[in-house]
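To convert, take the position in the sequence shown, counting from 1, and add 1; that gives my numbering.
All C-beta atoms in this analysis are idealised placements derived from N, C-alpha and C, irrespective of residue type, glycine included.
None of the values given here were measured: they were computed from a predicted structure.
See below for the structure under consideration.
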Amino acid sequence: MEVFLMSDLEIHIDFACPFSYLGGEKYLQFLEKNNQPLDKFRFRSFQLQPNDNNQNPSYLDNRMKGSNFNSKEEYISFFNNGIGKAANELGLHYDVEHIVSKNSINAHLGLQFAIEQGKQAEYFREVMAGHWEQGKDYFDITYIEGVLRSLNLDVESFHQHLEQYKQGVADDIMLANQRGIHSVPTFYKDRVLLNGTGSDDIFETF
């Protein structure tokens, strides 16, 4: 059965959220399996911790704080058997021990530029993989510049319009608030919200 998808579907994501990577990748793979172009939807920026001051850059240490886990090894096992296993099913391999936990704003600025340039899917995959699988620091603007260059995008143009992309992030966050979105990933279409990472069956009828 051929699946036809509406172009008004949007996915609210945060690069700091492991489930956003899963949800976005699931939908991209769904499009690919159905021979659909990867621009038939739009990512929307969202920040779970917009005021993160980057003082505690260890994702693992941050997750341990206030938790009921007795050791890092216990949490790593919990992570790998839960989120990690779900990621593996998509061909992703989270490296929880080396994830850099910082403010995601610069990753979102790059996303706004990539959306404008028609490269949102490629950018999403590159930055998410860098963050969750390779221990990259997406707050480091030189890293974001490197990703943009790898996609043959004009870094100078990115910096020239940086204020525009900052406003784009702010507008997306305001839109999420108007839609009653407080967690990510959240799929949105025709005033209907779908929370969570979704599935092929859900995507076919959403």
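1. Once the 5 residues before and after Glu26 are set aside, which same chain residues still bring their CB inside 6 Å of it?
2. Looking only at DSSP bridge pairs, what is Tyr195 linked to?
3. Thinking C-beta only, is Thr198 closer than 8 Å to Gly24?
4. Excluding the five sequence neighbours on either side, which residues of its own chain have a C-beta within less than 7 Å of the C-beta of Asp138, listed in chain order?
5. Counting C-beta neighbours from all protein chains within 10 Å, is the total for Lys120 16 or more, i.e. buried, or is it exposed?
6. Would you please state the rounded distance, in angstroms, between the beta carbons of Leu154 and Gln113? I believe it to be under 8 Å.
7. Taking the C-alpha atoms as reference points, what is the distance between Pro38 and Val97?
8. Between Leu49 and Ala87, is the Cβ-Cβ spacing less than 8 Å?
9. Count the other C-beta atoms from every protein chain shown that fall within 10 angstroms of the C-beta of Leu194, then say buried if there are 16 or more, exposed otherwise.
10. Could you tell me if Arg1 is buried or exposed, where buried requires 16 or more neighbouring beta carbons within 10 angstroms of its beta carbon?
11. I'd like the span of the alpha helix (DSSP H) that includes Arg126, first residue to last.
12. Whole angstroms is fine: what's the gap from Leu163's alpha carbon to Asn71's?
13. For Ile116, report the span of its alpha helix (DSSP H) as first-last.
14. Would you identify the three-state DSSP class for Met2, choosing helix, strand or coil?
15. Whole angstroms is fine: what's the gap from Gln168's alpha carbon to Asn107's?
16. With 16 other CB atoms within 10 Å as the buried threshold, where does Met175 fall?
17. Can you tell me whether Ser68 is buried or exposed, with buried defined as 16 or more other CB within 10 angstroms of its CB?
18. What residue from Gly83, Val170 and Phe79 has the CA that sits closest to Met65's CA?
19. Leaving out five residues before and five after Pro58 in sequence, what residues of the same chain have Cβ atoms less than 7 Å from its Cβ?
20. Report the residue ranges of all alpha helix (DSSP H) runs contained in full by the stretch 9-39; include only those spanning at least 4 residues, in chain order.
Checking against the coordinates, here is how it stands:
1. The residue given as residue 26 occupies position 25 in the sequence shown. Taken in chain order, the residues that qualify are Leu91.
2. In the sequence shown, counting from the first residue as 1, residue 195 sits at position 194. The identity of residue 195 in the sequence shown is Leu, whereas the question assumes Tyr. Answer is Phe188, bridged to Leu195.
3. Position 23 of the sequence shown, counting from 1, holds the residue named residue 24. Position 197 of the sequence shown, counting from 1, holds the residue named residue 198. Yes. Within cutoff.
4. Residue 138 sits at position 137 when you count from the first residue of the sequence shown. Val101, Lys103 and Tyr144, listed in sequence order.
5. For this step, residue 120 is matched to residue 119 along the sequence shown. Lys120 comes out buried.
6. Counting from 1 along the sequence shown, the entry for residue 154 is found at position 153. Counting from 1 along the sequence shown, the entry for residue 113 is found at position 112. 12 Å between Cβ atoms; not a contact.
7. Residue numbering aside, residue 38 sits at position 37 when the sequence shown is read from its first letter. Residue numbering aside, residue 97 sits at position 96 when the sequence shown is read from its first letter. Rounded to whole angstroms, Pro38 to Val97 spans 32 Å at the Cα level.
8. The count along the sequence shown starts at 1 and reaches residue 49 at position 48. The count along the sequence shown starts at 1 and reaches residue 87 at position 86. Contact: no.
9. Taking the first residue of the sequence shown as 1, we reach residue 194 at position 193. Result: exposed.
10. The structure shown has nothing for residue 1, since the chain only spans 2 to 207.
11. On the sequence shown, residue 126 is found 125 positions in, with the first residue counted as 1. Arg126 -> alpha helix (DSSP H) spans Gln121 to Gln135.
12. Looking up residue 163 in the sequence shown gives position 162. Looking up residue 71 in the sequence shown gives position 70. In a straight line, the C-alpha of Leu163 is about 44 Å away from that of Asn71.
13. As a working note, residue 116 is residue 115 in the sequence shown. Start and end: Ile106 to Glu117.
14. To locate residue 2, count along the sequence shown from 1; it is residue 1. Residue confidence is low: Met2 scores 34 on pLDDT, short of 50, so the model does not pin down where it sits. No coordinate-derived value is stated.
15. Here residue 168 refers to the residue found at position 167 when the sequence shown is read from its first residue. Here residue 107 refers to the residue found at position 106 when the sequence shown is read from its first residue. If I take the Cα positions, the gap works out to 13 Å.
16. Stepping through the sequence shown from its first residue, residue 175 is reached at position 174. Burial is judged here by how many other beta carbons sit within 10 angstroms of a residue's own beta carbon; Met175 has fewer than 16 and is exposed.
17. If you number the sequence shown from 1, residue 68 lands on position 67. That one is exposed.
18. Position 64 of the sequence shown, counting from 1, holds the residue named residue 65. Out of Gly83, Val170 and Phe79, Phe79 has the C-alpha closest to the C-alpha of Met65.
19. Taking the sequence shown and counting its residues from 1, the one referred to as residue 58 is at position 57. The answer, listed in chain order, is Val101, Ser102 and Lys103.
20. Listed in chain order, the complete alpha helix (DSSP H) runs (minimum 4 residues) inside the stretch 9-39 are 19-34.
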